[in-house]
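For the protein sequence lines, the chains are A, B and C, in the order given.
Residues in the first sequence are numbered consecutively from 1, following this note's numbering.
Residues in the second sequence are numbered consecutively from 210, following this note's numbering.
Residues in the third sequence are numbered consecutively from 419, following this note's numbering.
Notes follow the structure.
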Amino acid sequence: MVDDSPLLLVLELVGIFVFALSGGLVAVRKQFDIFGVLVLAGATGLGGGFLRDVLIDATPPTALADWRYLLVPVAAGLATFSFHPALGRMERQVTILDAAGLGLFCVTGALKALDHGLGPVPAALMGMVTGIGGGMVRDLLAGRVPVVFSSELYATPALAGATWAVIAHQAGWALWLVALPGVLLCFGWRVLAMVRNWRAPMPGGPASV
Amino acid sequence: MVDDSPLLLVLELVGIFVFALSGGLVAVRKQFDIFGVLVLAGATGLGGGFLRDVLIDATPPTALADWRYLLVPVAAGLATFSFHPALGRMERQVTILDAAGLGLFCVTGALKALDHGLGPVPAALMGMVTGIGGGMVRDLLAGRVPVVFSSELYATPALAGATWAVIAHQAGWALWLVALPGVLLCFGWRVLAMVRNWRAPMPGGPASV
Amino acid sequence: MVDDSPLLLVLELVGIFVFALSGGLVAVRKQFDIFGVLVLAGATGLGGGFLRDVLIDATPPTALADWRYLLVPVAAGLATFSFHPALGRMERQVTILDAAGLGLFCVTGALKALDHGLGPVPAALMGMVTGIGGGMVRDLLAGRVPVVFSSELYATPALAGATWAVIAHQAGWALWLVALPGVLLCFGWRVLAMVRNWRAPMPGGPASV
């Protein structure tokens, strides 16, 4: 179902592209050379899907069997390398696209996990992992603590979007009713959290340990 | 055999719980928000088993097919988040529980690897990886050099416990004779190493390079 | 084909050995104890192959089914631990051996990926990942930004060697014509880049973001 929908394919490639852009921008800031930019763009764009496919035993990952999945992060990496000052000024737009990618990946990740026989709870978790995995790989490789751990809301919207997709899919609804509200739920929550500077609860009391 | 034993299941869940506690405490110290605490608790509790299952091709990992495996680290993460000052004062106890988790994971990891057709030497190594993997994932994600590399004895007891389990299993002994001495060997060695401050040999000579 | 060739087996073990040496040297510099040296040597020598095997679904990885693959990094780790001042003085030679390992792994990795049904482009990429993966694992575990991202040419020669192997294999040439020029292309390019201090292009303009 996921693999057969041209709409979902296009949206997934868009998600890979914007995630790869964010990876390329981090590489530029770290003063990596062109190959470092390409590798980090690729790892960010494809990392979440790789992680998901390895865990649900859908290997080799789609990205290795379909050249379009490889071309997209290369294009994003080259774009970052060439136009990074302009992209830097567009950081706000990139962040919003990143939220769109997060929304899309959490939904497609959850649906792919269901297709491979996982139960509802693990499938929702896999959706979240697909969404946040690319950014975690990016930050690990670049020597930063993953942004998902810092105080901006990131993983919760992804889990919410994935949960919607799982519930709607289990109810047997049409694909657009499964995917669209899930994407929008995650995207909207994430963007609102950024705009309004919402924060998840922090540990109370003194950091005694 | 491993999967059929209710005793081993309970002990494995206990191991996941105490590892997840240690991950949650690290997250609290790093001032992550609640979701960061949950993600790091989950990655620490389940990381070693995921690594093992992906390498021995037992995918999807048990933790994704059985909701109890997911519930346990969530409970540990919430407990850490809520009670972390008390847990911090209990650090000694947590460290001892962590040694118990290490002992258990090295044994169940080795037995699961044998069940999946690995030879004795790789199975013992997989047992060690299962034991030390969760802590390595925790430290990588938190931006620390993995504790297994520092001077306290950590990996050696895990390898010893796993080796015992492999040898006893190959000899065809009863499960409790396979598991219990292996767990105790690893646990006892690790606790003694901490109490007596034993250290593994360090590279001799000047750190010339 | 790859698995059947005794020449390739020997060369692959040599590659594992020299990569493991480089991992052991990093561990010594970081003042890890003997077990840290062994773990980091093993992760560096076997990491690239593990990553490849997990992604192309060739699990359990060869290294877990064949004790020679495990013995080699242990020997390299012990050698590093015992002789590290001498090895430190031999750093230039080790770096050149590392380039040889890179050349070999990119070729054998690409051929193994083709054997497992990947298309030409993903297979070449897998060859590159096999070559650069061990060093990335080493640097992540040791808390360094992976050397592949810094300004020395590293990933490009690996991709070039892998690409040669894929093209020659698709053309149906004899194994030595597939492997040897690929290894030499990567090795020679990497060594020349080091000797002449070639650098890949850096992002232009101010690092504005």
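All C-beta atoms, glycine included, are put in the ideal place defined by N, C-alpha and C.
No experiment lies behind these values; they were computed from the predicted model shown.
Do L140(A) and L473(C) have their C-beta atoms within less than 8 Å of each other?
no
Where does V2(A) land, buried or exposed, given buried means 16+ other C-beta within 10 angstroms?
Confidence at V2(A) is low in this model, with a pLDDT of 46, below 50, so the placement of that residue should be treated as unreliable; the coordinate-derived value is given next. Classification for V2(A): buried.
Closest Cα partner of L313(B) within the set V235(B), P390(B) and G352(B)
P390(B)
When you compare each of G233(B), P331(B), W373(B) and S291(B) to T480(C) by their alpha carbons, which one comes out closest?
P331(B)
Interface partners of D115(A) on chain C, CB under 9 Å
By Cβ distance, chain C contributes nothing, its closest Cβ being about 17 Å from D115(A), past 9 Å.
CB contact flag (A542(C), V584(C), <8 Å)
yes
Starting from R608(C), follow its DSSP beta bridges and name the residues at the other end.
DSSP lists no partner for R608(C).
Determine, for M612(C), whether the minimum Cβ-Cβ distance to residues of chain A falls below 8 Å.
no
Verify whether the separation of the beta carbon atoms of P73(A) and A160(A) is less than 8 Å.
no
Candidates G310(B), F244(B), H293(B) and L216(B): which alpha carbon is nearest L255(B)'s?
G310(B)
Cβ neighbours of T581(C) in the same chain (closer than 6 Å, five flanking residues each side left out)
A542
Reference V432(C); option with closest CA among R447(C), Y572(C), L469(C) and T526(C):
T526(C)
Counting only the same chain and skipping the five closest in sequence on each side, list residues whose C-beta sits under 6 Å from that of G286(B).
G233, V246, L247 and A250
Assumed close pair H293(B), P203(A) - CB separation to whole angstroms, cut-off 8 Å
6 Å
Look up R562(C) in the DSSP assignment and say whether it is helix, strand or coil.
coil
If I measure Cβ to Cβ from M554(C) and keep anything under 7 Å in the same chain, skipping five residues before and after, which residues do I get?
P564 and V566
G591(C), buried or exposed, once every other Cβ within 10 Å from all chains shown has been counted against 16
Before going on, a small fix: residue 591(C) reads as Trp here, not Gly. W591(C) is exposed by the Cβ-count criterion.
Count the other CB atoms within 10 Å of the CB of L603(C); is the residue buried (16 or more) or exposed (fewer)?
buried
So which of F81(A), W67(A) and R199(A) has the shortest CA-CA distance to V218(A)?
An answer regarding residue 218(A) cannot be provided, because it is not within the stretch 1 to 209 covered by chain A.
Going along chain A in order, which residues have a C-beta closer than 7 Å to the C-beta of D475(C)?
T59 and P60
Starting from A20(A) and walking both ways along the alpha helix (DSSP H), at which residues does that stretch end?
P6 to R29
Mind checking the region 88 to 106 of chain A against chain B and listing, in chain order, the residues whose C-beta falls within less than 7 Å of any C-beta there?
none
May I ask you to report which of helix, strand or coil DSSP gives H293(B)?
helix
With a threshold of 6 Å on Cβ separation, who are the neighbours of F468(C) within its own chain once the five nearest residues in sequence on each side are excluded?
P479
In chain order, what residues of the same chain lie with their CB nearer than 8 Å to the CB of L595(C), ignoring the 5 residues before and after it?
A586
What are the residues of the region 450 to 473 of chain C that lie near chain A, defined by any Cβ-Cβ distance shorter than 9 Å?
V472 and L473
For the alpha helix (DSSP H) that G172(A) lies in, which residues bound it at each end?
Looking at the DSSP string, G172(A) is not in any alpha helix (DSSP H), and its letter there is neither H nor E.
Is there at least one Cβ from chain B nearer than 8 Å to F187(A)'s Cβ?
no
According to DSSP, simplified to helix, strand and coil, what is A267(B)?
coil
Does the beta carbon of A351(B) sit closer than 8 Å to a beta carbon anywhere in chain A?
yes
I want to see whether chain A comes within less than 8 Å of V346(B), judged by CB atoms only; does it?
no
Reduced DSSP secondary structure (H/G/I, E/B, other) of D636(C):
Summary: the structure shown does not reach residue 636(C), with chain C confined to residues 419 through 627, and so no result is reported for it.
For I434(C), which residues from the same chain have a beta carbon less than 7 Å from its beta carbon, with the 5 sequence-adjacent residues on both sides left out?
G463, L464, Y487, V490 and P491
Any C-beta of chain B sitting closer than 8 Å to the C-beta of V446(C)?
yes
Counted within 10 angstroms of its Cβ, other Cβ atoms place P424(C) as buried (16 or more) or exposed
exposed
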